[in-house]
Amino acid sequence: MNDESKTPKVKMAGKGVEVFYGAKQAINGIDLEVYERQVTALIGPSGCGKSTYLRCLNRMNDTIDICKVKGLLTLDGEDIYDPNIDVVELRARVGMVFQKPNPFPKSIYENITYGPRIHGLAKSKADLDVIVEKSLRGAGLWEEVKDRLLEPGTGLSGGQQQRLCIARAIAVQPEVILMDEPCSALDPIATAIVEELIGELREQYTIVIVTHSMQQAARVSQRTAMFHLGDLVEVDDTETIFTNPSEKRTQDYITGRFG
Amino acid sequence: MSLSAIILVVVVLGVIGWFVGVSRSKSLVAGNVSQLHSRPTYYGSYIFVWAVLPAIFVAAIWSIVSPIYVDNQVRGHLPAEVLSQEQAQQNLSMNIVQSIARGLNTLSSENRPADDVTIEDLKPILAEQGVAIAGSGETYMITSARQMNSMTRSSETMRAVVVIALSLIGFVLAYMQITAKLRARNKVEGVVTGALIVASSIAILTTVGIVFSMLSETTRFFSSVPMTDFFFGVVWDPRFANASDPNAAGQFGLIPLLAGTLYIAFVAMLVAVPVGLFSAIYMAEYAGPKLRSVAKPLLEVLAGIPTIVYGFFALVTVGPFLRDLSAQISGIVSDGGSSFIQAQSVLTAGFVMGIMLIPFVSSLSDDIITQVPGSMRDGSLGLGATRSETVRKVILPAALPGVVGALLLTASRAIGETMIVVLAAGVAARLTINPFEPMTTVTVKIVSQLTGDLEFNSPQTLVAFALGLTLFFITLALNVYALYIVRKYREQYE
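Note that the protein sequences, when read in sequence, are chains A and B. Note that my numbering gives residue 40 to position 52 of the first sequence, counting from 1, and the numbers run on in steps of one. Note that my numbering gives residue 211 to position 206 of the second sequence, counting from 1, and the numbers run on in steps of one.
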């Protein structure tokens, strides 16, 4: 980070972010920057606030009635909690992939075209076909499903379902993709495929991923942020975090001494 | 010994058995309860079950079978000329014998009549006890009645002996079986399962019983009125006034009633479905937890209002309001216009019934919409969909089969509704497509056919059973179809 020339552009930034669930404070003032076209991993023991922070980035916390967010969060320098911001448009720009694959009970085709249709990204059926193929290829699923696009997405295997959800997210052409433990419900083979996919997606998208797997964080991310009890313990290049962390708590967590 | 006394004795034995079982099991292992297969209470329950259940079962069977047996025996000893009479006449004689037997039992031993008492002497004595004997009573009946009483008494004594003996045997056998290894817990569990099965089969058997009771009356109806006249007849004119005249057969066309039923139900659904569905969507997707906790019970209060009260509402408020409204509307078009909506009309009944059904639609749909996994909502919202887009394109399609099932259940309620229709749509069986005119429904006609003082063998009253059975099958088909759809929907998220 000291090397200015290597520092990429800041895509999303948080300043003094605090989150409350009712009276309980889940995040106690966090400053965290996410760089463009990088994978940022958020790690830490369960209940440390990393998923909560992730859900602040596209305001998915708005759907929880008792959740309140304070502080400043920006996307390209714009305050995303500004009352003038259209939350729907924000979520189109900041897509999300969830812990459990959650394809809609519709066909594979309709799962992909759901987003583009609502946002009017396609003028014709031909445009939609292009988007479907492009998104499925982007998610590495095209070859497996191209002959059964009209079959229900819920009939795919778990790993395929998760890649379908990724394809569905990139069909909206977001700038940032948030992933909340995207591999925790998948077997090792499907996990490897999704991880590889994340590596490819990084060329076009900014990715923030929450994970419980140290190896996964080490494999897919360029930067890693360590959370503990609602605090940001430290954030640095992934390599630095895993080889030479400056905080003892980080070292203990990575080596499995707590958490 | 009366049945209740026997049951009391058996239950007391069972309770004693419970305590004996508990202490026996404890003493077997010298108080070291952990060596027992089951906890001591299960050994107690084991003895209780063995002492009580077989005994009660036999007592019940005995109490059902014994009167039938006694009746048959006494009937066999009736004089030959009575036995040669036809069945109905015989039954009548047996009824008199039974009341004499009952009467004799009420007399105390000192004023019990002599053995050779005649029926003329006995009648005033029994009348004093409040037992009236029919005029056709004869002296031989007293002998039969005495025979009946003595048989009944000995049967009761035997019942007491057998049942209590059985209870004791069960007690002792169960007691002897108790060892530390006895799986009392599993066996008691089996009894619990059996009790649950019995309870649920009672409900099912009742349904079957209802169908059969209606079925026999219905076949009697169809023996006097052809089936085609009933199912395809378009005129409902049962001719109550001439019911006693066998030549003045009424016309029993189902079509006008069925049309009225379906028409009113349709109007009701037209009101209930949109309002109920929208309120369900609001409750499930938009309302905050505080509002929901207040508004949902309030809405469900509507379901608890007796339908007759809705009937008042229709009769006193909605009907006249629609009539006056229509008068004003036609007054705008032409001077001194008449009201084209009658106070009692399909529209009034349908509208008020629709209000009654709102809570059913909304409550059932609300449950189904809430069942749609939250991850579907997150997935849609995460792609930048608005709430209403999420509801329209993801939640409702996912919940649709369940919602359709809920609507079918609601429709079968609408079809079975009576009180609102009586008050709001009248009792005139007419075939019309004008919703502003009165019509009536199957249920209303069932009530009006049965609330007369006609005998139960004229087609005028028997038709009620045919109507009831038809209605039963319509609602049954709707419910089965609804359950089928709901079940299919459930599989989707498992």
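Note that the Cβ used here is the ideal one computed from N, Cα and C, for glycine as well. The model shown is predicted, which means the values in this text are computed figures rather than measured ones.
- Of the candidates M424/B, N439/B and I438/B, the residue whose Cα lies closest to the Cα of V432/B is M424/B.
- Short of 6 Å from the beta carbon of A1/A, and not among the five residues preceding or following it, lie these beta carbons of its own chain, in chain order: E21 and T62.
- Going by C-alpha positions, V240/B is about 8 Å away from R435/B.
- Interface criterion met: the Cβ of A80/A is under 8 Å from a Cβ in chain B.
- A213/A and V223/A have their C-alpha atoms roughly 4 Å apart.
- In this structure, the alpha-carbon of G355/B lies about 4 Å from that of A273/B.
- Nearest to P84/B by alpha-carbon distance, out of I147/B, F24/B, V166/B and I130/B, is I147/B.
- Among the residues facing chain B, P93/A is included, as its CB has a counterpart in that chain under 8 Å away.
- For the region 100 to 116 of chain A, the set of positions with a beta-carbon nearer than 9 Å to some beta-carbon of chain B reads Y102, G103, R105, I106 and H107 in chain order.
- In this structure, S209/A places its C-beta atom within 8 Å of the C-beta atom of T226/A.
- Three or more beta-carbon pairs separated by less than 8 Å link the region 406 to 417 of chain B to the region 264 to 282 of chain B, which places the two stretches in contact.
- A contact between stretches requires three or more CB pairs, one per stretch, nearer than 8 Å, and the region 161 to 168 of chain A meets this requirement with the region 78 to 88 of chain A.
- Among the CB atoms of chain B, one or more fall inside 8 Å of the CB of G83/A.
- Within chain A, the C-beta atoms nearer than 9 Å to that of S380/B come from F86, Q87, K88, P89 and N90, in chain order.
- Under the Cβ distance rule, M48/A counts among the residues neighbouring chain B, one pair being separated by less than 8 Å.
- In this chain, N439/B is not harboured by any beta strand (DSSP E), its DSSP state being neither H nor E.
- If you check each beta-carbon in the region 50 to 73 of chain A against every beta-carbon of chain B, the ones closer than 7 Å belong to T51 and D53.
- When C-beta distances to chain A are compared with 7 Å, the residues of the region 264 to 295 of chain B below that value are G293 and P294, in chain order.
- Interface annotation for the region 376 to 402 of chain B against chain A: P378, S380, M381, R382, D383, G384, S385, L386, G387, L388, G389, A390, T391, E394, K398, V399 and P402, criterion Cβ-Cβ distance under 8 Å.
- DSSP, read as helix, strand or coil, puts Q204/A in helix.
- Along the region 147 to 168 of chain A, going in chain order, the ones with a CB nearer than 9 Å to a CB of chain B are C153, R156, A157, A159, V160, P162 and L166.
- Put simply, the CB of V27/A is far from chain B, with every gap to its CB atoms at 8 Å or more.
- Here the alpha carbons of S7/B and T162/B stand approximately 9 Å from one another.
- Assignment of beta-bridge partners to V75/A by DSSP yields no partner.
- For L307/B, the enclosing alpha helix (DSSP H) has its first and last residue at P294 to G309.
- E169/A sits in coil when the DSSP states are folded into three classes, being neither helix nor strand.
- Taking 8 Å as the cut-off, the beta carbon of S123/A is found no closer than this to the beta carbon of I96/A.
- A straight-line Cα-Cα distance of about 37 Å links V449/B and Q92/B.
- Assignment of T62/A by DSSP, reduced to helix, strand and coil, places it in the strand class.
- A429/B is not a Cβ neighbour of I451/B, given a cutoff of 8 Å.
- At least 8 Å separates the CB of V(-2)/A from every CB of chain B.
- The secondary-structure analysis by DSSP pairs T194/A across a beta bridge with V164/A.
- Contact between L174/A and G147/A is confirmed by a C-beta separation of about 5 Å, below the 8 Å threshold.
- In the three-state reduction of the DSSP assignment, E139/A falls in the coil class, being assigned neither a helical nor a strand state.
- Taking CB atoms only, E139/A has no neighbour in chain B less than 8 Å away.
- A Cβ-Cβ separation of about 23 Å leaves I105/B out of contact with I69/B under the 8 Å criterion.
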